[in-house]
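Visitor: After the structure tokens below, expect a handful of questions from me.
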Amino acid sequence: MSESNQEHLQATFDARVAAESRIEPRDWMPDDFRKSVLRQMSQHAHSEVIGMQPEGNWITRAPTLHRKTILMAKVQDEAGHGLYLYSAAETLGTSRDDMIAALHAGKAKYASIFNYPSLTWADIGAIGWLVDGAAIVNQVSLQRTSYGPYARAMVRICKEESFHQRQGYQIMMVLARGSEEQKAMAQDALNRWWWPSLMMFGPHDAESAHSAKSMQWKLKRESNDTLRQRFVDQTIPQAELIGLTVPDPDLKWNEERGAYDFGEIDWEEFMQVISGNGPCNKQRLDHHIAAKENGQWVRDAMAAYEEKRRARREAA
Ligand code: FAQ
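The numbering of the sequence shown is the working numbering, which starts it at 11 and goes up by one.
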């Protein structure tokens, strides 16, 4: 490609991003943009799918049939989100098999939060309230991301995540108004999930390797710290309303900023978790690998059936 042609393509891309138009799969895009969208979408898709495990752990032990049906629907929604996102990522020319192979080889990440165990029923409330709550704050912003298939996937995902957040909060509300033991269980779940939820937004802006470029491309619309602050500001009043205490001695309302000040995240813990050394990293990956292997016969049978139909069609 000539230099002037390359410059023209780059200028067209930049103008589309500046005009808030979406970049679509067949449009020309810089290689590093393509790589970054793919990295983020694949990580996001893997998060949705691995994220089924902590809650899936409680489907057989949900306290009532009603809670069980809600939880099953929620976990299935997460599988659906993973599928939209793998499909959106495939528009960039990488297959789902390749993305999953990268996950299994430890080359692709998924959200740090899913490497923590779900120990009690209250954890299911905390996951819905805090983890889905944090996910929505991030994903509402991503509805305006510059890559078209990603932005469109986010619209539907956000609608479902709102329901997930409310069902989690409702579980916490019921427990917090229950017996002393139930209230203690809800408080313990909040204590364990609070800090990992804040970590979901990624490193501070100044430490975030990809943010500057991603903001310039409008792949990311708001920074890690801006979104984290929004999540804190909207979640604290929710905790207060149900009489639970966020485990942060430095938390206080800052009148001047019109926002909460909060304590420092344990970044060493975050780095350990995203490097594969969190409490459940091995268990999560092993489970995913085993599920893929155990389901191989289903995929083989479907492929054989499809092949037979194709051969019949050709013979007719
Ligand atoms: N966990 O330069 P940055 C959900 C990595 S969906 C793991 O700031 P970036 C629904 C980052 O990849 C939750 N790794 O990166 C649900 C990079 O490493 P790399 C998932 C993290 O991309 C609920 C390095 O650190 N949501 O929960 C994390 O600009 C309940 C440097 O970081 C999404 O994925 C982390 N928390 O910003 C499902 C949203 N943070 O790739 C089931 C889309 C950072 O160079 C049950 N993703 N890293 O090896 C994003 O918005 C962004 O990718 C960020 C990170 C904000 C996560």
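Beta carbons: idealized from backbone N, C-alpha and C, even for Gly.
Here the structure is a predicted model, which means the values were calculated and not measured.
Between which two residues does the alpha helix (DSSP H) holding Asp243 run?
Guide: Counting along the chain, the alpha helix (DSSP H) containing Asp243 begins and ends at 234-251.
Visitor: Write down the C-beta distance between Ile60 and Arg294 rounded to the nearest angstrom, noting that I regard them as a contact closer than 8 Å.
Guide: Right, the Cβ-Cβ distance comes to about 5 Å (below 8 Å), so this counts as a contact.
Visitor: Name, in chain order, the residues that DSSP records as bridge partners for Asp271.
Guide: In DSSP, Asp271 forms a bridge with Lys262.
Visitor: Determine the closest residue to Ala161 out of Ala136, Arg106, Gly90, Leu95, with distance taken between C-alpha atoms.
Guide: The residue with the shortest Cα to Cα distance from Ala161 is Leu95.
Visitor: Please name the residue, chosen from Ile123, Met62, Trp38, Leu19, that lies closest to Pro289 on a Cα-to-Cα basis.
Guide: Nearest of Ile123, Met62, Trp38, Leu19 to Pro289, Cα basis: Ile123.
Visitor: Would you grab the beta carbon distance between Asn10 and Pro206 for me? Rounded to a whole angstrom, and I think it's under 8 Å.
Guide: With the chain covering 11 to 326 only, the question about residue 10 has no answer from this structure.
Visitor: Could you tell me the alpha carbon to alpha carbon distance between Lys228 and Ala314, rounded to whole angstroms?
Guide: Their Cα atoms are separated by approximately 43 Å.
Visitor: Check this for me: beta carbons of Tyr157 and Ile33, under 8 Å apart or not?
Guide: Result yes, Cβ atoms of Tyr157 and Ile33 sit closer than 8 Å.
Visitor: Would the beta-carbon of Asp258 fall within 8 Å of that of Phe272?
Guide: Going by C-beta atoms, Asp258 is nearer than 8 Å to Phe272.
Visitor: In this structure, does DSSP put Tyr126 in helix, strand or coil?
Guide: Three-state result, Tyr126: coil.
Visitor: Counting only beta-carbon separations shorter than 8 Å, does Tyr270 have a partner in chain D?
Guide: Given the protein chain composition of this structure (a single chain), no chain D is represented.
Visitor: Find out if the Cβ-Cβ distance for the pair Leu208, Arg238 is shorter than 8 Å.
Guide: Yes; because the gap between Cβ atoms is below 8 Å, this pair is in contact.
Visitor: Flag this pair as touching only if the segment 45-64 and the segment 104-122 have three or more C-beta atom pairs under 8 Å; answer yes or no.
Guide: Touching, yes, given that three or more Cβ pairs across the two stretches are closer than 8 Å.
Visitor: Buried or exposed: which applies to Glu324, given that a residue is buried once 16 or more other Cβ atoms fall within 10 Å of its Cβ?
Guide: That one is exposed.
Visitor: Which full runs of the alpha helix (DSSP H) of 4+ residues lie inside the segment 137-196, going along the chain?
Guide: Those alpha helix (DSSP H) runs which fall completely within the segment 137-196 and span 4+ residues are 143-152, 158-186.
Visitor: Let me make sure I understand the geometry here. Which of His114, Gln153, Gly178 has the alpha-carbon closest to that of Ser31?
Guide: Nearest C-alpha to Ser31: Gln153.
Visitor: I want to check one thing, is the minimum distance from the CB of His114 to the heavy atoms of the ligand FAQ below 7 Å?
Guide: No; taking the cut-off as 7 Å, the Cβ of His114 has no heavy atom of the ligand FAQ nearer than that.
Visitor: For the alpha helix (DSSP H) holding Ser221, just list the boundary residues, first then last.
Guide: Per DSSP, Ser221 belongs to the alpha helix (DSSP H) from 221-226.
Visitor: Per the contact definition of three or more C-beta pairs closer than 8 Å, is the segment 70-79 in contact with the segment 135-145?
Guide: No: the two stretches stay apart, fewer than three of their Cβ pairs being nearer than 8 Å.
Visitor: Whose C-beta lies closer than 6 Å to the C-beta of Pro159 among residues of the same chain, with five residues either side of it excluded?
Guide: Excluding positions up to five away in sequence, the list reads Ala98, Thr101.
Visitor: When the Cα atoms are used, what is the spatial distance from Thr104 to Gln226?
Guide: Computed Cα separation, rounded: 24 Å.
Visitor: Could you tell me which of Ser151, Ala199, His91 sits nearest to Arg166, measuring between CA atoms?
Guide: If we check each option's Cα against that of Arg166, His91 comes out closest.
Visitor: Is any non-hydrogen atom of the ligand FAQ found closer than 7 Å to the C-beta of His298, if you look at the structure I gave you?
Guide: No, since every heavy atom of the ligand FAQ falls outside the 7 Å radius drawn around the Cβ of His298.
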